[in-house]
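Worksheet: the structure to be examined is printed underneath.
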Amino acid sequence: MDPEEIKLYFEKNPPPPSLDWKPWARIGDTQKFLNSCYKEISNFKGNIENCPGYWRLKEFYLDMIVR
């Protein structure tokens, strides 16, 4: 799944405004979190598979689709 597909998914299925994502990670504003990931991905030079923002976005997406 590429970042654009994930972005389209979240546009159609927005996550809750805030949530306890992991036992050690609470996201207070999920839209800011997503926008930060999108921005980091767009500014990343190199293989997208090596981008930390892509990995955070992908992990968040996978966690949201199983909820």
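The opening position of the sequence shown corresponds to residue 504 in my numbering, with each subsequent residue numbered one higher.
Glycine is no exception: its CB is placed at the ideal position from the N, C-alpha and C atoms.
It should be emphasised that the depicted structure is a prediction, and the values quoted were computed from it without experimental measurement.
Which stretch, first to last residue, makes up the alpha helix (DSSP H) that contains residue i?
| i | result |
| --- | --- |
| Trp558 | 555-569 |
Kindly indicate which residue of the options has the alpha-carbon position closest to the one of residue i.
| i | options | result |
| --- | --- | --- |
| Gly531 | Cys540, Ser539, Leu537, Ser521 | Ser521 |
By Cβ distance below 8 Å, which residues in the same chain neighbour residue i in space, the five residues on each side in sequence not counted?
| i | result |
| --- | --- |
| Asp505 | Ile551 |
Mark residue i as exposed unless 16 or more other C-beta atoms lie within 10 angstroms of its C-beta, in which case mark it buried.
| i | result |
| --- | --- |
| Ile499 | Outside the modelled stretch of the chain, which goes from 504 to 570, sits residue 499, for which no answer is possible. |
| Leu537 | buried |
| Pro555 | exposed |
| Leu565 | exposed |
| Leu585 | Past the boundaries of the shown model lies residue 585; the chain is included only from 504 to 570, so the question cannot be answered. |
Between which two residues does the beta strand (DSSP E) containing residue i stretch?
| i | result |
| --- | --- |
| Lys510 | It is not in any beta strand (DSSP E) - Lys510 instead sits in the alpha helix (DSSP H) that spans 506-515. |
Got a sec? Which residues, its chain only, sit under 7 Å from residue i by beta carbon, not counting five neighbours each side?
| i | result |
| --- | --- |
| Asp523 | Arg529 |
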